[in-house]
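Trainee: Take -10 as the starting number for the sequence shown in this note's numbering and just add one per residue. Just so you know, even glycine gets a beta-carbon here, dropped at the ideal spot from N, CA and C. Note that the coordinates shown come from a computational prediction; the quantities given were computed from them, not determined experimentally. Submitted below is the structure of interest, expressed as C-alpha cells.
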Amino acid sequence: MGQPAINIVAIKESSVDIEAEIVLVNSGPVTWIPATSPQDKLAAAVDLSLFSFSQWFFPSPREPVDEVLQIPPSLLTCGGCQQSIGDRYFLKAIDQYWHEDCLSCDLCGCRLGEVGRRLYYKLGRKLCRRDYLRLFGQDGLCASCDKRIRAYEMTMRVKDKVYHLECFKCAACQKHFCVGDRYLLINSDIVCEQDIYEWTKINGMI
-10 MGQPAINIVA IKESSVDIEA EIVLVNSGPV TWIPATSPQD KLAAAVDLSL
40 FSFSQWFFPS PREPVDEVLQ IPPSLLTCGG CQQSIGDRYF LKAIDQYWHE
90 DCLSCDLCGC RLGEVGRRLY YKLGRKLCRR DYLRLFGQDG LCASCDKRIR
140 AYEMTMRVKD KVYHLECFKC AACQKHFCVG DRYLLINSDI VCEQDIYEWT
190 KINGMI
C-alpha cells in the first residue's frame, strides 16, 4: 500500500536560481582582422587564431547557428576550463562562452548543448532540466508549505514533489519520516502507514 521513503538530498551553496538559454555561436570569418598587407593579414591570423586554415576559412556544414561572433574565439576564455576557445563552434550561456565539452551538467555530466536549449543555474552549479526537477521540483516550492526551497535546505522527494525536510511528515499525526518508513502520498499530503485508514476515512475517500 505504501512505498519506501526516498533518501535525503542535501546540497549547501548559494541560492542563485537562473534558467538560462544556451546559444550556439559561430566564430565567423577572419576578414575583420586589421592589416595593411597580405603578409600582415596572414601573420595576424596565425597569431590570433588556434584554427587551422581549413577550419578558419572554409565554411562548416553545421547550421544553423544562433549568433555569429566576428572576433577570433582564441581571444575568449571558456567559462569551464578557463582556457582560450579554439573551436569554430562553441556555446554561450549565463553570460559566458564555453567549449561544447565544458558546458555540462555538474551532476550527471551530460553535455548541456546536446540535451536542450536551456540550462538551470542553482547552488553555483549548472544543471540539466532533469536534474533540476529531480532536486527542486517543477517550481522550486515545497509541496507541503508552498514556500520556496532554499539552496541550503535539505529536501525529500516523492515522485515529482519536493518537500522541506521539516515538512516531510505525516499529515495526520505529524510524525516525521525516516528513511525506510512507509507512507501513502495523497495529492500533496503524506500519510504514515498507521494513519492511512483513518485519514482516508476522515477525508471521505472511503
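Closest by CA to cysteine 70, which one among Asp84, Asp90 and Ile175?
Mentor: For the residues Asp84, Asp90 and Ile175, the minimum Cα distance to cysteine 70 belongs to Asp90.
Trainee: Output the distance between the C-alpha atoms of serine 93 and cysteine 156, rounded to the nearest integer angstrom.
Mentor: One C-alpha to the other measures close to 32 Å.
Trainee: By a C-beta neighbour count over all protein chains shown, 10 Å radius and 16 as the cutoff for buried, is cysteine 134 buried or exposed?
Mentor: exposed
Trainee: Considering only the beta carbon of each residue, do cysteine 162 and glutamine 183 sit closer than 9 Å?
Mentor: yes
Trainee: Beta carbon of aspartate 95, beta carbon of leucine 116: below 9 Å?
Mentor: In this structure, leucine 116 lies closer than 9 Å to aspartate 95 by Cβ.
Trainee: Leaving out five residues before and five after valine 104 in sequence, what residues of the same chain have Cβ atoms less than 7 Å from its Cβ?
Mentor: Cys117
Trainee: By DSSP's criteria, leucine 124 is part of a beta bridge. Which residues make up the other side?
Mentor: Answer is none; leucine 124 lacks a bridge partner.
Trainee: In the DSSP assignment, find the beta strand (DSSP E) that holds threonine 189 and state where it starts and stops.
Mentor: It is not in any beta strand (DSSP E) - threonine 189 instead sits in the alpha helix (DSSP H) that spans 185 to 191.
Trainee: I believe arginine 107 touches glutamate 10 by the beta-carbon criterion, under 8 Å. Please report the beta-carbon distance rounded to the nearest angstrom.
Mentor: 6 Å
Trainee: Give the DSSP-derived three-state secondary structure of valine 104 in the structure shown.
Mentor: helix
Trainee: Among Ile175, Leu174 and Leu154, which has the Cα closest to the Cα of histidine 165?
Mentor: Leu154
Trainee: What residues in its chain sit with their C-beta under 8 Å from that of glutamine 44, if we drop five residues either side in the sequence?
Mentor: Because glutamine 44 sits at a pLDDT of 32, beneath the cut-off of 50, its placement in the model cannot be relied upon, and the following sentence gives the value as read from the coordinates. Only Arg77 meet the Cβ criterion.
Trainee: From the DSSP output, which residues share a beta bridge with methionine 143?
Mentor: Beta-bridge pairing links methionine 143 to no other residue.
Trainee: Within the same chain, show all residues whose beta-carbon is closer than 6 Å to that of alanine 132, passing over the 5 residues directly before and after it, in chain order.
Mentor: Lys150, Tyr152 and Ser177
Trainee: For the candidate residues Tyr121, Tyr86 and Gly113, whose alpha-carbon lies nearest to that of cysteine 99?
Mentor: Tyr121
Trainee: Kindly list the residues whose CB is nearer than 8 Å to the CB of glutamate 187, restricted to its own chain and excluding five residues on each side of it in sequence; keep chain order.
Mentor: Ala161
Trainee: Take tyrosine 86 and list the residues in its own chain whose beta-carbon comes closer than 8 Å to its own, dropping the five residues that flank it on each side.
Mentor: Val14, Pro62, Leu65, Thr66, Cys67, Gly68, Ile74, Phe79 and Leu80
Trainee: Roughly how many whole angstroms lie between the Cα atoms of leucine 174 and valine 180?
Mentor: Between leucine 174 and valine 180, the C-alpha separation is close to 6 Å.
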